[in-house]
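Trainee: The opening position of the sequence shown corresponds to residue 349 in the working numbering, with each subsequent residue numbered one higher.
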Amino acid sequence: MKESTLGKLKKKTYEKLLEPLEEELVSMARWARATGARICVIFEGRDTAGKGGAIKAVSQRINPRQCRVVALPKPNDTERTQWYFQRYVPHLPAAGEIVLFDRSWYNRAGVEKVMGFATQKQVDSFLEEAPRFERMLVDDGIHLFKYWLTTDQDKQEERLAERLDDPLKRWKLSPIDLAAREKYDAYTEAREAMFQATHTEHAPWTLVDFNDQKHGRLTLIRNLLDRLPDTHIEPEPLEFPELGREPERESYAVIEPIPDFPLFKRDLPPL
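(1) Which residue's Cα is closest to the Cα of residue 555: 467, 498 and 520?
(2) Tell me residue 417's beta-bridge partners as DSSP assigns them.
(3) In the DSSP assignment, the alpha helix (DSSP H) including residue 486 goes from what residue to what residue?
(4) Could you tell me which whole alpha helix (DSSP H) segments of length 4 or greater appear in the region 484-526?
(5) Should residue 559 and residue 503 be called a contact, given that it needs their Cβ atoms to be closer than 8 Å?
(6) Compute the distance between the beta-carbons of residue 389 and residue 516, then report whether it is under 8 Å.
(7) Let's test the definition: count the other Cβ atoms within 10 Å of the Cβ of residue 469 and tell me whether it reaches 16, buried, or not, exposed.
(8) Would you mind working out which of 450, 472, 447 and 587 sits nearest residue 432, comparing C-alpha positions?
(9) Could you tell me if residue 606 is buried or exposed, where buried requires 16 or more neighbouring beta carbons within 10 angstroms of its beta carbon?
(10) If you follow the beta strand (DSSP E) that residue 650 is part of, which residue opens it and which one closes it?
(11) Does the Cβ of residue 395 have 16 or more other Cβ atoms within 10 Å, making it buried, or fewer, making it exposed?
(12) Among residues of its own chain, excluding the 5 on either side of residue 378, which ones have a beta-carbon nearer than 6 Å to its beta-carbon?
(13) Using the rule of at least 16 other Cβ atoms within 10 Å of the residue's Cβ for burial, across every protein chain shown, is residue 438 buried or exposed?
(14) Assuming residue 569 contacts residue 440 under a Cβ cut-off of 8 Å, what Cβ separation, rounded to an integer in Å, is found between them?
(15) May I have the straight-line CA-CA distance separating residue 456 from residue 490, to the nearest angstrom?
(16) Where does residue 391 sit, in a helix, a strand or coil, going by DSSP?
(17) Apart from the five residues just before and just after residue 486, which ones in its own chain have a Cβ nearer than 8 Å to its Cβ?
(18) Grab the span of the beta strand (DSSP E) containing residue 556 for me, first residue to last.
(19) My understanding is that residue 402 touches residue 565, with C-beta atoms under 8 Å, so please give their C-beta distance in whole angstroms.
(20) What separation, rounded to the nearest whole angstrom, lies between the Cα atoms of residue 528 and residue 501?
(21) How would you write the range of the alpha helix (DSSP H) that residue 407 sits in, first residue to last?
(22) Are at least three pairs of beta-carbons, each pair with one atom in the region 596-612 and one in the region 404-422, less than 8 Å apart?
(23) In three-state DSSP terms, what is residue 597?
(24) List the residues that DSSP assigns as beta-bridge partners of residue 575.
(25) If you count every other CB in all the chains shown that lies within 10 Å of the CB of residue 599, and 16 or more means buried, which is it?
(26) On the DSSP bridge list, what partners appear for residue 435?
(27) Distance check for residue 585 and residue 601, CA to CA, integer angstroms please.
(28) Quick one, which of 444, 534 and 479 has its alpha-carbon nearest residue 386's?
Below, the structure written as structure tokens:
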């Protein structure tokens with residue numbers, strides 16, 4: 349994969365570049381609400397690619413009542429007896445909604461295939477049915493976007509080690525993640541077979557370089573916004589009249605707030 353000539357994106361630069369994109373995302377949400385558009389975005393990629401961070405970057409400024417994140421656990425005993433796509437259908441967007449899938453029905457062509465949780469017959473059936481399923485979604489008017497976040501193995505190793513060492517990220521690491529390290533090539537083979545079968549004109553895949561996750565988020569958001577119709581809608585004007593009195597201090601008659609967290613000058617960052 350081609351290395352960036354700009355180097356790793358600094359946090360301050362990233363935040364400066366992200367802010368106008370966030371304004372466009374908020375406008376896009378207003379557009380979806382006003383027009384009844386249904387937006388469904390799938391985030392796929394290897395473990396540690398950066399799906400969670402990308403989803404947060406898309407969703408963090410949008411009303412959570414309008415923008416939902418779907419991250420389904422492994423199927424239960426009942427779901428395993430259902431049509432494979434069935435448990436995903438209830439989570440598809442209604443009018444005005446934006447749904448972000450943190451992994452999706454493509455689990456069958458990836459982790460389930462590589463780790464032996466699905467038979468080859470089940471995988472083959474999925475690869476044949478997925479384009480038809482997505483054709484129905486698109487024909488019904490859903491805006492469907494499928495993103496694969498790419499990352500090289502050295503970056504994956506670096507991030508797995510970071511998760512192992514960081515108590516705040518340790519929850520992200522599972523035995524399956526560690527087992528996947530030995531199956532990097534198998535995942536590559538499974539991914540390419542998946543693209544071959546499911547990269548269609550009506551529901552194409554878009555690959556985004558996430559070796560630098562900050563740069564990847566910007567690229568993904570810009571691509572998503574550019575592929576939608578013109579979504580610029582000004583917010584509805586609201587009157588904000590004078591309060592008409594001096595602001596009151598909050599008061600409590602029954603229960604008092606707990607004491608503030610103690611702050612000491614030595615603990616505060618420099619200005």
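For every residue, glycine included, the Cβ atom is placed at its ideal position computed from N, Cα and C.
Mentor: Here's the rundown:
(1) Mapped onto the sequence shown, residue 555 falls at position 207. If we check each option's Cα against that of residue 555, 498 comes out closest.
(2) Position 69 of the sequence shown holds residue 417. Bridge partners of residue 417: 448.
(3) Mapped onto the sequence shown, residue 486 falls at position 138. Secondary structure note for residue 486: its alpha helix (DSSP H) is the uninterrupted segment 468-487.
(4) The qualifying runs are 501-513.
(5) Against the sequence shown, residue 559 aligns to sequence position 211. Against the sequence shown, residue 503 aligns to sequence position 155. With respect to residue 503, residue 559 sits close: the two C-beta atoms are nearer than 8 Å.
(6) Here residue 389 is taken as the residue at index 41 of the sequence shown, counted from 1. Here residue 516 is taken as the residue at index 168 of the sequence shown, counted from 1. For the pair residue 389 and residue 516, the CB atoms are not nearer than the 8 Å cut-off.
(7) In the sequence shown, the residue the question calls residue 469 occupies position 121. Per the 10 Å Cβ criterion, exposed.
(8) Within the sequence shown, numbered from 1, the residue matching residue 432 stands at position 84. Per the Cα distances, 472.
(9) Within the sequence shown, numbered from 1, the residue matching residue 606 stands at position 258. By the neighbour-count rule (16 or more Cβ atoms within 10 Å), residue 606 is not buried but exposed.
(10) Because residue 650 is not part of the residues shown, which for the chain are 349 to 619, the question remains open.
(11) One-based indexing of the sequence shown puts residue 395 at position 47. Flag for residue 395 reads buried.
(12) As a position in the sequence shown, residue 378 is number 30, starting the count at 1. Within the same chain, 581 come within 6 Å of residue 378 by CB-CB distance, once the 5 residues on both sides are set aside.
(13) Along the sequence shown, read from residue 1 onward, the residue named residue 438 stands at position 90. Result: exposed.
(14) Residue 569 sits at position 221 when you count from the first residue of the sequence shown. Residue 440 sits at position 92 when you count from the first residue of the sequence shown. Residue 440 and residue 569 do not touch by the CB rule: their CB atoms are close to 22 Å apart, not below 8 Å.
(15) Indexing the sequence shown from 1 puts residue 456 at position 108. Indexing the sequence shown from 1 puts residue 490 at position 142. So the two alpha carbons sit approximately 22 Å from each other.
(16) Position 43 of the sequence shown holds residue 391. Residue 391 sits in a strand when the DSSP states are folded into three classes.
(17) Within the sequence shown, the letter at position 138 stands for residue 486. For residue 486, the CB contacts under 8 Å within the same chain, skipping 5 residues up- and downstream, are 492, 550 and 551 in chain order.
(18) Residue numbering aside, residue 556 sits at position 208 when the sequence shown is read from its first letter. Segment 553-557, the beta strand (DSSP E) holding residue 556.
(19) Here residue 402 corresponds to residue number 54 of the sequence shown, with the count starting at 1. Here residue 565 corresponds to residue number 217 of the sequence shown, with the count starting at 1. The beta-carbon separation of residue 402 and residue 565, rounded to 5 Å, stays under the 8 Å limit for a contact.
(20) Taking the first residue of the sequence shown as position 1, residue 528 is located at position 180. Taking the first residue of the sequence shown as position 1, residue 501 is located at position 153. When rounded, the separation of the alpha-carbon atoms in residue 528 and residue 501 is 11 Å.
(21) Along the sequence shown, read from residue 1 onward, the residue named residue 407 stands at position 59. Counted as a single uninterrupted DSSP element, the alpha helix (DSSP H) harbouring residue 407 occupies residues 399-407.
(22) Taking 8 Å as the limit for Cβ pairs, the verdict is that the region 404-422 does not touch the region 596-612.
(23) The residue given as residue 597 occupies position 249 in the sequence shown. Reduced to three states, the DSSP call for residue 597 is coil.
(24) Within the sequence shown, the letter at position 227 stands for residue 575. Partner(s): none; residue 575 has no beta bridge.
(25) Start at 1 with the first residue of the sequence shown, and residue 599 comes out as number 251. By the 10 Å Cβ count, residue 599 comes out exposed.
(26) Residue numbering aside, residue 435 sits at position 87 when the sequence shown is read from its first letter. DSSP lists no partner for residue 435.
(27) Residue mapping note: residue 601 aligns to position 253 of the sequence shown, counting from 1. Residue mapping note: residue 585 aligns to position 237 of the sequence shown, counting from 1. Approximately 37 Å between the Cα atoms of the pair.
(28) As a working mapping, residue 386 is identified with position 38 in the sequence shown. Cα-wise, what sits closest to residue 386 is 444.
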